[in-house]
Amino acid sequence: MEIIPSIDIERGICVKRIRGEPGSGIKIGDPKQVALRWYSEGASRLHIVDLDGAFIGKPVNFEVIASIVNMVKIPVQVGGGLRTLDDFLRYVEIGVDKVIVGTVAYEKPEMVDKLVNTLGGGRIIVALDASKGMLRIHGWRMKTGTNIIHYAKRLDCIGLAGFLYTNVDLEGTLSGIDTYMIKTLVENLNTPIIYAGGVSTLEDIKKLKELGVSAIILGRALYDGLISFREAQKLCV
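Its first residue numbered 542, the sequence shown is counted upward by one per residue in this note's numbering.
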């Protein structure tokens, strides 16, 4: 299991929102300095989200993200506002290891097939952003009425790098993890499950490891000092 620090970028600044609401949460600072911090602490991968891009539907913080990719010598995965093949290719060309497909995977399923054929499934993560088990898209603002298990099963046989499950009701709240849905996803899917949302203690991390997730994305718990990155990493061995 892997612990992955998250760097969410809004207007060029690293922030952590609560439930994805603009203006909520905390401002952390220069995302490049934040990336260097996690790199120096031994992170094996970084998770970067272009929040502005997710909101308007196209990459906004590309230059900042490109700088981070150039600075750190570890894999970086990126999501937020990627909608066209050119958007994905542009990130891969600057050295991004994996791209996260969210809204476009739901609205244009053929794009996932195109990405798998072009980049290889091992570079594609499909986002399962959900509230009460139902998929959300367009930066979590739009309800689809689609059950994420049924949705994910349609994509489970194409060799994806993973499904990134985020409980949007818990994200940034530090209120604990969604054990039922995680267990259901792990038991029903062959694709690795990456989890984000509500993690606040080392016990949460132990439980997620027991449940069988392949990676945990940590944000506010790290930035608020509730979890030590190095202590969290020790639990992954």
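Here a beta-carbon is modelled for each residue, glycine too, at the ideal position from N, C-alpha and C.
Sheet register partners of residue i (DSSP bridge)
| i | result |
| --- | --- |
| L508 | A question about residue 508 goes unanswered here, because the residues of the chain that appear run from 542 up to 778. |
| E551 | I554 |
| A702 | Looking at the DSSP assignment, A702 forms no beta bridge with any residue, so it has no partner. |
| S672 | M675 |
| P546 | L759 |
| Y736 | Y706, I757 |
| G570 | C555 |
For residue i, the three-state DSSP class (helix, strand or coil)
| i | result |
| --- | --- |
| N708 | strand |
| I609 | helix |
| V642 | strand |
| K750 | helix |
| T625 | coil |
| T720 | helix |
| T742 | coil |
| G594 | helix |
| I800 | A query on residue 800 cannot be resolved here, the shown segment of the chain reaching from 542 to 778 and no further. |
| K599 | coil |
| V657 | helix |
| K684 | strand |
Whole-Å CB distance - residue i paired with residue j, under 8 Å assumed
| i | j | result |
| --- | --- | --- |
| I544 | F704 | Rounded, the Cβ-Cβ distance is 18 Å, inconsistent with contact. |
| G622 | P600 | 5 Å |
| V556 | I569 | 6 Å |
| G662 | V640 | About 12 Å separates the two Cβ atoms, so there is no contact after all. |
| L587 | V617 | 5 Å |
| G766 | D549 | Contact doesn't hold; Cβ gap of about 18 Å is too wide. |
Reference residue i; option with closest CA among the options
| i | options | result |
| --- | --- | --- |
| R695 | V667, T685, Y580, M683 | V667 |
| R578 | I567, K599, V613 | V613 |
| M542 | P733, T625, L767 | P733 |
| R624 | Q618, R552, L715, L656 | L656 |
| M683 | T659, V645, G583 | V645 |
| L715 | Q574, G738, L630 | G738 |
| I609 | D627, L630, Y580, G700 | Y580 |
| E634 | A607, N658, L701, D654 | A607 |
| V637 | D654, N611, S741 | N611 |
Residues of its chain near residue i, where Cβ-Cβ distance is below 7 Å and the 5 sequence neighbours each way are ignored
| i | result |
| --- | --- |
| G686 | M675 |
| L776 | L743, I746, K747, K750 |
| D697 | L730, N731, T732 |
| G643 | G620, A668, D670, I678 |
| E551 | L592, D593 |
Contacting residues, own chain, Cβ-Cβ under 6 Å from residue i (five flanking each side not counted)
| i | result |
| --- | --- |
| G680 | A595, F596 |
| V672 | Inspection of the sequence shows that residue 672 is occupied by Ser rather than by Val. So the list reads V709, D710, once near-sequence residues are dropped. |
| D670 | R677, W681, T707, V709 |
Cutoff 8 Å; reference residue i; Cβ partners in own chain excluding five residues on either side
| i | result |
| --- | --- |
| E772 | L743 |
| I723 | Y706, I734, Y736, L749, L752, V754 |
| C647 | For the record, residue 647 in the displayed sequence is Tyr; it is not Cys. Here the set comprises L676, I678, T685, T687, Y692. |
| G553 | P572, N602, V605 |
Contact with chain C by residue i, beta-carbon distance below 8 Å
| i | result |
| --- | --- |
| G739 | The displayed structure is made up of one protein chain only, and chain C is not part of it. |
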